[in-house]
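Visitor: Protein chains in written order, with my numbering: chain X, 1 to 206; chain B, 207 to 412.
Protein chains: 2
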Amino acid sequence: MTNKGQILRLLNYKNLLKHLQTLGFKKVFSDNISDTLEISSSLVRKDFGNFGITGNRKGGYDIDSILAKIDEILGKDEIQKVIVVGTGRIGQALMNYQGFIKEGIQIVAGFDNDFSKVSEGEDIPILHLDKLPEFVKEKNIKIAIMCVPQLVAKHTLDMLANSGVGGVLNFTPIKFQSSNEVTVNNINIVHELENLIYIVNKQKTT
Amino acid sequence: MTNKGQILRLLNYKNLLKHLQTLGFKKVFSDNISDTLEISSSLVRKDFGNFGITGNRKGGYDIDSILAKIDEILGKDEIQKVIVVGTGRIGQALMNYQGFIKEGIQIVAGFDNDFSKVSEGEDIPILHLDKLPEFVKEKNIKIAIMCVPQLVAKHTLDMLANSGVGGVLNFTPIKFQSSNEVTVNNINIVHELENLIYIVNKQKTT
DNA sequence: ATGTTAATGTTAGTTATTTCACATATTTAT
DNA sequence: ATAAATATGTGAAATAACTAACATTAACAT
């Protein structure tokens with residue numbers, strides 16, 4: 001029933017609705033949403049229907065209710081603790097990214113193989129990779145962001161899976177498949193850029 | 207004919223085939239590819255067919271030929287110059303990311319609104335945002351990576367479009383639509399993480 | 001040479017996703 | 001109270017994306 005891009009679409013609804021909320025709107029129509037997000041209004045209604053978000057036959061949807069429902073769907077009752085594995089430039093950037101916390105995501109630690117990067121006293125400590133399994137088990141970490149060098153990616157992923165992590169956001173150029181133990185979502189920045197370049201070059205030619 | 211995810215898939219083929227190449231393989235079968243990438247072999251063959259990659263009825267595909275063809279499709283004849291707009295942590299991480307250059311992508315400059323970040327002498331200079339339009343026109347920049355704060359995202363995108371940039375990889379939390387002037391591909395890291403969290407939590411419940 | 005095998009290339013079929021279209025319900029106006 | 005207007009909710013239709021199946025052809029063995 002719930003399909004692949006649906007949660008990402010839900011998150012887009014959420015962003016838009018929060019924006020509308022700050023502008024003082026109380027109600028919204030599926031048409032409003034479809035216009036700004038460039039999808040059909042029936043898809044909006046279908047998504048809402050699928051998630052049990054219900055409106056009034058006239059009068060549209062109540063923004064507060066939708067937002068509450070979306071947070072409920074996403075399970076936003078408790079703060080999600082996330083670790084960052086690999087504290088190179090990208091890893092560190094993500095560790096300090098300010099956009100997570102207001103969505104209830106807290107980066108609780110970074111991990112690195114390089115002892116010179118370790119700094120346990122910090123606000124968000126960087127610990128040595130050896131301590132990862134223990135940390136994950138103790139703090140019951142379910143989600144990790146992986147930004148390690150390509151060469152150690154496989155090994156790191158195995159380590160994460162064995163430690164009990166259930167989901168990995170993989171920024172490594174290697175594309176990993178999800179397994180029974182661990183769900184992997186891959187973000188390949190180089191590929192995204194190459195894809196964009198392809199599209200732009202193609203338009204130029206046409 | 208060529209559908210949305212096809213180029214990204216092509217890039218995955220490329221990665222895999224380069225790997226096989228380093229292992230000494232000369233030939234590959236659609237089955238080999240489908241196994242590792244977990245798609246059907248007929249999709250591999252269909253993709254290849256769509257892109258004019260042709261094999262032998264027995265004997266499979268010649269790896270060198272596929273790779274050459276893929277590079278040809280992607281237009282990898284000349285180095286793509288890319289700028290990074292917004293040199294916060296993520297912007298700087300991307301400016302220094304080592305994975306681009308071997309794919310023929312060169313980050314030629316960063317831009318920032320903050321004068322204290324400007325450093326023109328560096329290997330990859332950071333210039334003030336005011337100089338962006340001129341720079342883009344002079345160096346014929348077509349692609350930009352946008353990592354500015356949310357508040358100035360819209361304005362920055364307009365500036366890029368007006369300067370002649372044709373494609374923007376947007377790391378801002380605001381989702382922009384592509385227009386006639388500029389193609390925007392959005393990467394929302396927070397959403398990706400929230401999506402992953404949703405999947406993992408759901409599995410736990412099931 | 002001829003048959004057998006094994007992989008491609010391609011058409012038909014399937015599944016997934018999105019949109020259309022309209023009956024239904026709810027508000028507003030008269 | 002009744003009618004008109006309007007937005008939801010939903011099943012059917014359309015589109016897109018992927019897979020299965022197989023006829024075709026090239027290599028190899030006999």
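Backbone N, C-alpha and C define an ideal beta-carbon position, used for all residues, glycine too.
#1: Could one say the Cβ of B/Gly372 lies closer than 8 Å to chain X's Cβ atoms, at least one of them?
#2: Select from the stretch 300-314 of chain B all residues with a C-beta closer than 8 Å to any C-beta belonging to chain X, and list them in chain order.
#3: Going along the chain, which residues of the stretch 363-394 of chain B sit with their C-beta nearer than 7 Å to a C-beta in chain X?
#4: What's the C-alpha gap between B/Asp237 and X/Leu196?
#5: Work out the CA separation of X/Lys46 and B/Asn218 for me, nearest whole Å.
#6: Taking a contact to mean a Cβ-Cβ separation below 8 Å, would you say X/Lys27 touches X/Ile83 in this structure?
#7: Taking the C-alpha atoms as reference points, what is the distance between X/Thr2 and X/Leu10?
#8: Along the chain, where does the beta strand (DSSP E) containing B/Gln298 start, and where does it finish?
#9: Look at the alpha carbon of X/Ser119 and the alpha carbon of X/Leu127, and state the distance between them as a whole number of angstroms.
#10: Report the rounded CA-to-CA distance for X/Val200 versus B/Leu363, giving the unit in angstroms.
#11: Taking only beta-carbon atoms, is X/Gly49 less than 8 Å away from chain B?
#12: Can you tell me whether X/Ala153 is buried or exposed? The criterion is at least 16 other CB atoms within 10 Å of its CB, across all chains shown.
#13: Of the choices X/Phe100, X/Gln98, X/Gly86, whose alpha-carbon is the least far from that of X/Phe115?
#14: Which word fits X/Thr172, buried or exposed, when buried means at least 16 other C-beta atoms lie within 10 angstroms of its C-beta?
#15: For X/Gln80, I'd like the list of residues in its chain whose CB is within less than 8 Å of its CB, leaving aside the five on either flank, ordered along the chain.
#16: In chain order, what residues of the same chain lie with their CB nearer than 8 Å to the CB of X/Gln177, ignoring the 5 residues before and after it?
#17: Identify the continuous alpha helix (DSSP H) that holds B/Met365 and give its terminal residues.
#18: Can you check which of these residues, X/Phe100, X/Lys18, X/Gly60, is closest to X/Leu70 by C-alpha distance?
#19: From X/Ala93 to B/Lys264, what distance separates their C-alpha atoms?
#20: Is there a C-beta anywhere in chain X that falls below 8 Å from the one on B/Tyr404?
#21: Any beta carbon of chain B sitting closer than 8 Å to that of X/Asn195?
#22: In terms of residue numbering, what span does the alpha helix (DSSP H) encompassing X/Val136 cover?
#23: Looking at chain B, is there any beta carbon in it that lies within less than 8 Å of the beta carbon of X/Asn201?
#24: Please report whether the beta-carbon of X/Lys142 lies at a distance below 8 Å from any beta-carbon of chain B.
#25: My guess is that B/Met352 and B/Leu375 are in contact by the Cβ rule of under 8 Å, so how many angstroms apart are they, rounded?
#26: At the level of alpha carbons, what is the spacing between X/Val44 and B/Gln212?
#27: Could you check whether B/Gly316 and B/Gly297 sit closer than 8 Å to each other, using their CB atoms as the reference points?
#28: Mind pulling the chain X residues with CB within less than 7 Å of B/His397?
#29: Straight-line CA distance for B/Leu214 to X/Ala68?
#30: Which one or two residues does DSSP pair with B/Gln356 in a beta bridge?
#31: Could you tell me which residues DSSP puts in a beta bridge with X/Tyr61?
#32: With 16 as the cutoff for other CB atoms within 10 Å, does B/Leu357 come out buried or exposed?
#33: Please report the distance separating the alpha-carbon of X/Pro133 from that of X/Val165.
#34: Under the assumption that X/Lys202 contacts X/Asn188 (Cβ atoms under 8 Å), give the Cβ distance between them as a whole number of angstroms.
#35: At what residues does the alpha helix (DSSP H) containing B/Ile405 begin and finish?
Guide: Checking against the coordinates, here is how it stands:
#1: yes
#2: Leu300, Asn302, Tyr303, Gly305, Phe306, Glu309, Ile311
#3: Gly372, Gly373, Leu375, Pro379, Lys381, Gln383, Thr389, Asn391, Ile393
#4: 29 Å
#5: 33 Å
#6: no
#7: 11 Å
#8: Here B/Gln298 belongs to no beta strand (DSSP E); instead the alpha helix (DSSP H) covers 295-301.
#9: 7 Å
#10: 16 Å
#11: no
#12: buried
#13: X/Gly86
#14: buried
#15: Gly104, Ile105, Gln106, Lys142, Ile143
#16: Val184
#17: 359-369
#18: Reading off the sequence shown, one finds Ile at residue 70 of chain X, where the question assumed Leu. Here the closest residue by C-alpha is X/Lys18.
#19: 49 Å
#20: yes
#21: yes
#22: 132-139
#23: yes
#24: yes
#25: 7 Å
#26: 26 Å
#27: yes
#28: Leu8, Leu11
#29: 35 Å
#30: B/Gln356 is not bridged to any residue.
#31: X/Val28
#32: exposed
#33: 9 Å
#34: About 20 Å separates the two Cβ atoms, so there is no contact after all.
#35: 395-411
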